[in-house]
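Colleague: Our numbering puts the first residue of the sequence shown at 6, with every later residue one more than the last. So that we are looking at the same thing, I have put the structure below in structure tokens.
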Amino acid sequence: MRKGERRKLRLKTRLFLQVAVILAVCVTVIMFLNSRYMQNTYLWYEKRKTTKMVDTIENIPNIEMTYYTELPSFEQRNNLSIELYNAYDELIYESASKIDLSSKKMNVISRKASDDGNSYYFILREEGSELHYNVYGKVLKNGFLIEVISLVSPIAQSEMVARTFTALLSVLGLILSLIVVLIFAGRFTKPLEQLNKVTGEIANLNFNHKCKTDRNDEIGELANNINNLSDSLYSALTQLEKQNKELMKDIDKERRLDIIRKEFISSVSHELKTPISIIKGYAEGLVTLEKSELKTAKEYSGIIVSEADRMNELVHTLLEISLYESGGYVLRESVFPIGKVIADHIAVIRPFFAEKGIEIESTVPETVMVKGDAERLFTVIDNFVQNAASHTRREKKIICRFEDKGDTARIIVFNTGPNITNEDADKLFLNFYRANKAHTREEGRFGLGLSIVKAIMDVHGTDYGFNNTENGVEFWFEVKKAK
């Protein structure tokens with residue numbers, strides 16, 4: 006524990022200690038009052054009883070004549086001794102069970118007389134003994150003096166027994182009370198400890214723990230409110246995380262789009278810069294030619310037309326991609342045998358590939374019927390084949406094959422050659438991207454072939470991609486099979 010940091014007590018312990026202190030204080034006060042005021046209370050009670058008895062005797066009719074018959078009954082009932090004196094201080098009645106105080110040495114413990122001098126009260130204690138005597142005297146209305154003496158020695162023993170018994174009862178009551186308080190504190194604090202644990206988990210964003218209680222009081226309502234709060238926070242945080250992920254995706258997408266946009270502008274500028282420069286140069290050359298240089302003029306004009314056609318093809322391709330990506334193109338779907346389309350296309354281009362030493366074949370069955378835009382899918386096939394021809398190495402072999410994927414047919418175009426690197430993998434289908442930087446503009450390629458594939462397949466809503474193999478690369482796309 007760090008310096009200055011107080012150790013925290015559990016609520017159950019704190020509640021138990023507080024109630025225990027209250028009970029202990031109460032028991033201590035009871036025992037203190039019992040030891041200090043019990044005897045005085047008892048003596049006060051005896052004095053009050055004696056005073057009432059004397060008042061009763063005083064009101065007896067003709068007490069002057071009947072005291073011999075009346076007073077013994079009072080003595081017997083109250084276990085005391087009565088002496089009666091007439092107006093001349095002559096003893097006219099003396100108790101048969103007279104308590105003799107003259108032969109004993111007495112100490113006055115308490116003495117009190119009335120204001121009018123008609124009554125007095127003494128508490129005497131026998132020296133060397135715990136015996137106490139109450140002496141009460143009063144002048145009656147008829148002038149007689151009555152003196153009542155009672156032995157109160159049993160009060161000491163009674164007081165001791167009462168004190169001991171009260172102390173034992175108090176200690177036993179304290180122990181039982183502490184046990185009850187301990188049980189009560191446990192029952193009272195258990196749901197609070199559970200609530201504290203659950204709220205701690207909520208603070209740590211763990212919403213799996215719930216408050217379990219069957220109480221119908223405020224603690225039960227608090228538990229239900231905490232459970233509702235946990236569910237609400239979990240729902241809000243889940244929604245917030247979902248929105249945050251979507252926001253991060255949007256931000257990431259915007260960043261990628263911004264990068265693609267910059268690369269696109271840079272690539273278009275680069276692709277257009279060269280033909281524009283060529284056109285400008287040859288156009289300026291035409292201006293300076295003489296009429297006799299007709300052959301050179303035709304040559305210059307041919308180059309200008311060729312570069313203009315190249316620029317036109319580039320712009321047309323960009324517009325085509327833009328049309329696909331903007332959603333403005335409407336598919337003209339039909340059912341057709343894709344294997345036959347591939348076979349016919351290969352038959353046309355095989356002689357040109359043969360001149361470059363490239364061997365091309367197809368194993369796609371001509372019976373495979375698919376549903377899609379035949380013209381656009383032909384563009385996909387042609388772009389894959391042209392891309393394969395551009396990158397084929399070693400045996401220079403291109404193979405078109407087919408895989409049945411259930412509801413779709415996968416068309417694969419394989420070419421021998423080097424694998425695609427991880428650096429190029431994520432960029433192959435971007436505009437103007439060339440995995441092999443060694444290809445020149447003389448090949449007539451802009452790096453848009455795979456971008457067109459991506460745009461067309463996105464319109465069809467089917468998958469596409471590529472795989473590296475042991476001795477080459479295969480590009481593939483899927484198209485829905487006709488039912």
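Where a beta carbon is used, it is the ideal one built from N, C-alpha and C, also for glycine. Values in this document were obtained by computation on a predicted structure and should not be read as measured data.
Going by DSSP, what residues sit across from I154 in a beta bridge?
Modeller: S86, V140
Colleague: Based on DSSP bridge pairs, tell me the residues matched to V418.
Modeller: C405, F480
Colleague: If we call anything under 8 Å between Cβ atoms a contact, is I151 one with L89?
Modeller: yes
Colleague: So what does DSSP say about Y72, is it helix, strand or coil?
Modeller: helix
Colleague: On the DSSP letters alone, give me the boundaries of the alpha helix (DSSP H) that I354 sits inside.
Modeller: 343–360
Colleague: Could you tell me the distance, in whole angstroms, from the CA atom of P370 to the CA atom of F480?
Modeller: 18 Å
Colleague: Give the secondary structure of L245 by DSSP, where H, G and I count as helix, E and B as strand, and everything else as coil.
Modeller: Three-state DSSP puts L245 in a helix.
Colleague: Could you tell me whether the Cβ atoms of F482 and V464 are closer together than 8 Å?
Modeller: no
Colleague: Measure from the alpha carbon of M36 to the alpha carbon of each residue in L173, Y72, Q81, A25, then state which is nearest.
Modeller: Among L173, Y72, Q81, A25, the Cα nearest to that of M36 belongs to L173.
Colleague: A443 by DSSP, collapsed to three states: which one?
Modeller: Confidence in A443 is poor, its pLDDT being 47 and thus under 50, which makes the residue's placement unreliable; the coordinate value appears in the next sentence. The answer is coil: DSSP assigns A443 none of H, G, I, E or B.
Colleague: Looking at the structure shown, is V198 part of a helix, part of a strand, or coil, going by DSSP?
Modeller: A small fix is needed here, since residue 198 is Glu in this sequence, not Val. Reduced to three states, the DSSP call for E198 is helix.
Colleague: Can you tell me whether Y50 is buried or exposed? The criterion is at least 16 other CB atoms within 10 Å of its CB, across all chains shown.
Modeller: Exposed is the call here.
Colleague: Considering only the beta carbon of each residue, do K485 and G377 sit closer than 8 Å?
Modeller: Taking C-beta atoms as the reference points, K485 and G377 count as a pair closer than 8 Å.
Colleague: In whole angstroms, what is the alpha-carbon distance linking I207 and S237?
Modeller: 11 Å
Colleague: DSSP on K215, reduced to helix/strand/coil?
Modeller: Correct three-state label for K215: coil.
Colleague: Would the stretch 386–401 and the stretch 409–422 be scored as touching if the rule is three or more Cβ pairs under 8 Å?
Modeller: yes
Colleague: Nearest by alpha-carbon distance to E132: which of S78, K300, K109 is it?
Modeller: K109
Colleague: On the three-state DSSP scale, how would you describe N112?
Modeller: In the structure shown, N112 sits in a strand (DSSP, three-state: E or B).
Colleague: Hey, quick one: how far does the beta strand (DSSP E) through V375 stretch, first residue to last?
Modeller: 374–378
Colleague: For a test of the three-state rule: what should DSSP assign to F193, helix, strand or coil?
Modeller: helix
Colleague: Less than 8 Å between C-beta atoms, sequence neighbours within five positions excluded: which residues of the same chain meet that for I354?
Modeller: These residues qualify, in order along the chain: I365, V390.
Colleague: Leaving out five residues on either side along the sequence, give the residues of the same chain with a beta carbon under 8 Å from the beta carbon of E448.
Modeller: With a pLDDT of 47 at E448, under the threshold of 50, the modelled position of that residue is not reliable, and the figure given next carries that caveat. Cβ neighbours of E448 beyond the five flanking positions: S395.
Colleague: What's the call for E10, buried or exposed, on a 16-neighbour Cβ count within 10 Å?
Modeller: Here E10 scores only 47 on pLDDT, less than 50, and its place in the model is too uncertain to base an answer on.
Colleague: For V340, list the residues DSSP reports as bridge partners.
Modeller: Under DSSP, V340 shares a beta bridge with K376.
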